[in-house]
Amino acid sequence: MFTKKRYGYYRFLYLIAAIYDFSLGISFLFFYKNIYNFLGMNIPQNPSYLTFSALMITIFGILLFMIYFDLENAKKLIILAILIKLSYIGTVVFYYLLVGADYVDMPYRIFAFLDLAFAILFFESLRYIKR
Numbered sequence: 000m001f002t003k004k005r006y007g008y009y010r011f012l013y014l015i016a017a018i019y020d021f022s023l024g025i026s027f028l029f030f031y032k033n034i035y036n037f038l039g040m041n042i043p044q045n046p047s048y049l050t051f052s053a054l055m056i057t058i059f060g061i062l063l064f065m066i067y068f069d070l071e072n073a074k075k076l077i078i079l080a081i082l083i084k085l086s087y088i089g090t091v092v093f094y095y096l097l098v099g100a101d102y103v104d105m106p107y108r109i110f111a112f113l114d115l116a117f118a119i120l121f122f123e124s125l126r127y128i129k130r
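Number 22 in numbering that gives the first Met the number 0 belongs to position 23 of the sequence shown; there are no gaps in the numbering.
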């Protein structure tokens with residue numbers, strides 16, 4: 000069960016995570032060319048997968064907002080959020096270690112570290128959710 004202080008902390012965590020992922024998704028959806036140019040990355044010849052990925056990240060941000068609004072009853076959504084974060088981290092690590100570091104641009108590595116931090120904090124929050 001949450002103490003009042005811990006409840007406020009985790010609500011703030013999920014609000015920040017929701018804003019981060021929702022904003023990231025919308026940004027890549029509408030401004031991927033500008034972002035890629037700014038970060039010095041090569042723009043893909045066929046960016047259709049970026050559109051889908053950006054929409055999925057945006058939807059993930061919405062899921063995190065759902066957790067924020069009903070934290071005490073969001074255990075299953077939190078587990079899903081952890082799995083989504085771990086899937087991204089796993090993809091980055093797989094390509095970095097087994098395919099080659101050249102296939103994972105630096106911004107994606109940074110996103111993976113941020114997602115690792117979020118996944119750990121999300122996992123920790125499960126201890127305080129109703130069983």
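Ideal Cβ positions, reconstructed from N, Cα and C, are used throughout, including at glycine.
Practice item. Compute the Euclidean distance between the alpha carbons of leucine 38 and phenylalanine 30, then round it to the nearest angstrom. Key: One C-alpha to the other measures close to 12 Å.
Review point. Between leucine 125 and isoleucine 58, is the Cβ-Cβ spacing less than 8 Å?
Key: Against a cut-off of 8 Å, the Cβ pair of isoleucine 58 and leucine 125 comes out as no contact.
Practice item. Give, in chain order, every unbroken run of the alpha helix (DSSP H) that is at least 4 residues long and sits entirely within the stretch 50 to 76. Key: None, since the stretch 50 to 76 contains no complete alpha helix (DSSP H) of that length.
Practice item. Tell me, to the nearest whole angstrom, how far the beta carbon of leucine 70 is from that of tyrosine 13; I am working on the premise that it is less than 8 Å. Key: At roughly 7 Å, the Cβ-Cβ gap stays under 8 Å, so leucine 70 and tyrosine 13 are in contact.
Check your understanding: Quick one, which of Leu62, Phe68, Tyr94 has its alpha-carbon nearest leucine 79's?
Key -> The option with the nearest alpha carbon to leucine 79 is Leu62.
**Study point:** Beta-carbon gap between methionine 163 and proline 106 smaller than 8 Å
**Key:** Only positions 0 to 130 of the chain appear in the structure, and residue 163 is not among them; the question remains open.
Practice item. Evaluate phenylalanine 27 with the Cβ neighbour count: other Cβ atoms within 10 Å of its Cβ, from every protein chain shown; 16 or more gives buried, anything less gives exposed. Key: Burial call: buried.
Practice item. Within the same chain, show all residues whose beta-carbon is closer than 6 Å to that of valine 103, passing over the 5 residues directly before and after it, in chain order. Key: Val91, Tyr94, Tyr95.
Review point. Along the chain, which unbroken stretches of the alpha helix (DSSP H) at least 4 residues long are found entirely within the stretch 9 to 51?
Key: Counting only runs of 4 or more, we get nothing.
Review point. Helix, strand or coil: how does DSSP classify phenylalanine 1 here?
Key: Annotated three-state conformation of phenylalanine 1 is coil, per DSSP.
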